[in-house]
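Numbering (our numbering), first residue to last: 1031 to 1062.
By construction, the Cβ of each residue, glycine as well, lies at the ideal position given by its N, Cα and C atoms.
Working notes for the structure below.
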Amino acid sequence: SFVNMGTGMFVHEASIIIVIVNGMRLIRYREK
(Lines of atoms letter the chains of each structure in order from A and count residues from 1; the text may use other names and numbers.)
(Lines give C-alpha, C1' and ligand atoms only; values in the text may rest on other atoms or scores of the structure.)
Protein backbone atom coordinates (compact mmCIF):
# COMPACT_ATOMS: atom_id res chain seq x y z
CA SER A 1 0.00 0.00 0.00
CA PHE A 2 2.80 2.42 0.93
CA VAL A 3 4.75 1.57 -2.24
CA ASN A 4 1.62 2.04 -4.36
CA MET A 5 1.02 5.48 -2.80
CA GLY A 6 4.64 6.45 -3.40
CA THR A 7 4.41 5.37 -7.04
CA GLY A 8 1.19 7.39 -7.47
CA MET A 9 2.85 10.48 -6.03
CA PHE A 10 5.88 10.00 -8.31
CA VAL A 11 3.66 9.69 -11.40
CA HIS A 12 1.70 12.77 -10.29
CA GLU A 13 4.90 14.81 -9.82
CA ALA A 14 6.30 13.59 -13.15
CA SER A 15 3.10 14.52 -14.99
CA ILE A 16 3.19 18.03 -13.49
CA ILE A 17 6.83 18.48 -14.54
CA ILE A 18 6.01 17.29 -18.08
CA VAL A 19 3.12 19.78 -18.32
CA ILE A 20 5.33 22.66 -17.11
CA VAL A 21 8.14 21.75 -19.54
CA ASN A 22 5.68 21.46 -22.44
CA GLY A 23 4.16 24.85 -21.53
CA MET A 24 7.59 26.51 -21.43
CA ARG A 25 8.48 24.98 -24.80
CA LEU A 26 5.23 26.26 -26.33
CA ILE A 27 5.88 29.78 -24.97
CA ARG A 28 9.44 29.80 -26.35
CA TYR A 29 8.20 28.48 -29.70
CA ARG A 30 5.56 31.25 -29.92
CA GLU A 31 8.12 33.97 -29.14
CA LYS A 32 10.15 32.86 -32.16
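Alpha-carbon to alpha-carbon, residue j and residue i
{"i": "Tyr1059", "j": "Phe1032", "result": "41 Å"}
{"i": "Met1039", "j": "Val1051", "result": "18 Å"}
{"i": "Lys1062", "j": "Ala1044", "result": "27 Å"}
{"i": "Leu1056", "j": "Val1049", "result": "11 Å"}
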